[in-house]
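Q:
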Amino acid sequence: AQSVAQPEDQVNVAEGNPLTVKCTYSVSGNPYLFWYVQYPNRGLQFLLKYITGDNLVKGSYGFEAEFNKSQTSFHLKKPSALVSDSALYFCAVRDGNNAGNMLTFGGGTRLMVKP
Amino acid sequence: EAQVTQNPRYLITVTGKKLTVTCSQNMNHEYMSWYRQDPGLGLRQIYYSMNVEVTDKGDVPEGYKVSRKEKRNFPLILESPSPNQTSLYFCASSLSRTGVREQYFGPGTRLTVT
Chain A
25 AQSVAQPEDQ VNVAEGNPLT VKCTYSVSGN PYLFWYVQYP NRGLQFLLKY ITGDNLVKGS
85 YGFEAEFNKS QTSFHLKKPS ALVSDSALYF CAVRDGNNAG NMLTFGGGTR LMVKP
Chain B
4 EAQVTQNPRY LITVTGKKLT VTCSQNMNHE YMSWYRQDPG LGLRQIYYSM NVEVTDKGDV
64 PEGYKVSRKE KRNFPLILES PSPNQTSLYF CASSLSRTGV REQYFGPGTR LTVT
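In structure tokens:
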């Protein structure tokens with residue numbers, strides 16, 4: 025079975041400081057990894073993904089994430105946080121070797137960026 | 004505008020009264036899926052569809068039905084809703100059936116079953 029853990033329910037950071045939102049995963053095959061963001065009263069929006077290739081992936085709004093196979097992690101990062109980054113962030117994984125198409129989401133991490 | 008639409012956005016109903024939540028996408032995506040979002044549990048997949056007339060169970064299919072008669076539509080049916088189905092529901096679609104592409108999400112339907 026595949027699973028995702030987001031160990032922090034909430035991350036607080038001051039505007040202008042770097043931010044990290046943590047994600048670890050478990051799959052038996054090759055991981056397809058995604059980050060989504062949810063703003064209040066909105067659906068989820070895609071930020072970035074790792075399928076194969078370079079371990080450092082860049083996405084929307086200045087976000088990036090690093091795939092670390094040995095630590096089974098895919099932490100989301102941004103060098104300088106904005107107040108407008110405050111939202112709920114979800115990490116998700118799919119087993120690329122699995123013929124089924126289930127995407128498993130973590131429980132979400134609320135990011136609060138304070139001015 | 005490329006989008007996934009859901010209706011209704013809000014619904015309050017009573018136990019046992021059948022309901023349908025519609026989902027439509029205008030991107031000609033083959034893959035569509037339904038999720039429910041509950042606090043602390045993230046999103047859990049209910050059902051997904053790889054193509055017309057092809058549907059499969061996700062993590063939490065009990066109490067739900069789906070159909071995919073047309074490519075653009077993927078309604079979620081609750082034949083006999085119960086209070087434990089009170090949740091926020093999202094429909095999503097994707098260009099890829101193999102999971103390599105991102106999913107596009109609808110705005111959500113907040114369902115309350117009393």
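So the sequence lines, in the order shown, correspond to chains A and B.
In terms of the numbering used here, the first sequence opens at residue 25 and continues consecutively.
In terms of the numbering used here, the second sequence opens at residue 4 and continues consecutively.
The C-beta atom is built at its ideal place from N, Cα and C for all residues, glycine as well.
What did DSSP end up calling residue 86 (chain A) once you bin it into helix, strand or coil?
A: DSSP places residue 86 (chain A) in helix when its eight states are reduced to three.
Q: Considering only C-alpha positions, which residue in the set A:52, A:63 and A:31 is nearest to residue 107 (chain A)?
A: Residue 107 (chain A) has its Cα closest to that of A:63, out of A:52, A:63 and A:31.
Q: For residue 115 (chain B) and residue 92 (chain B), what's the separation of their Cα atoms in angstroms?
A: Cα-Cα distance, rounded: 11 Å.
Q: Assess, as a yes-or-no matter, whether the segment 53-63 of chain A is touched by the segment 113-122 of chain A under the definition of 3 or more beta carbon pairs within less than 8 Å.
A: Touching, yes, given that three or more Cβ pairs across the two stretches are closer than 8 Å.
Q: In the DSSP assignment, find the unbroken beta strand (DSSP E) run with residue 36 (chain A) in it and report its ends.
A: Residues 34-38.
Q: How long is the line joining the alpha carbons of residue 79 (chain A) and residue 44 (chain A), rounded to whole angstroms?
A: Roughly 16 Å separates the two Cα atoms.
Q: Residue 74 (chain B) and residue 55 (chain B): beta carbons closer than 8 Å?
A: The answer is yes: Cβ separation under 8 Å.
Q: Scan the segment 60-87 of chain A for residues whose Cβ lies nearer than 7 Å to a Cβ of chain B and list them as they occur along the chain.
A: Flagged, chain order: 66, 67, 68, 70, 73 and 75.
Q: Out of curiosity, what's the CA-to-CA distance linking residue 104 (chain B) and residue 33 (chain B)?
A: About 12 Å.
Q: Would you tell me roughly how many angstroms separate the C-alpha atoms of residue 120 (chain A) and residue 126 (chain A), rounded to the nearest one?
A: Distance between the alpha carbons of residue 120 (chain A) and residue 126 (chain A) is about 10 Å.
Q: Would DSSP call residue 109 (chain A) helix, strand or coil?
A: Here residue 109 (chain A) sits in helix by DSSP.
Q: Checking contacts by CB at 8 Å: is residue 46 (chain B) closer than that to chain A?
A: By this cut-off, residue 46 (chain B) is an interface position.
Q: With 8 Å as the threshold, decide whether the Cβ of residue 56 (chain A) is near any Cβ in chain B.
A: Chain B contact via Cβ: present.
Q: Are the C-beta of residue 11 (chain B) and some C-beta of chain A separated by less than 8 Å?
A: Chain A, which has no Cβ nearer than 8 Å to the Cβ of residue 11 (chain B), makes this no.
Q: Could you tell me whether the Cβ of residue 110 (chain B) comes closer than 8 Å to any Cβ of chain A?
A: Answer yes: the Cβ-Cβ gap between residue 110 (chain B) and chain A drops below 8 Å somewhere.
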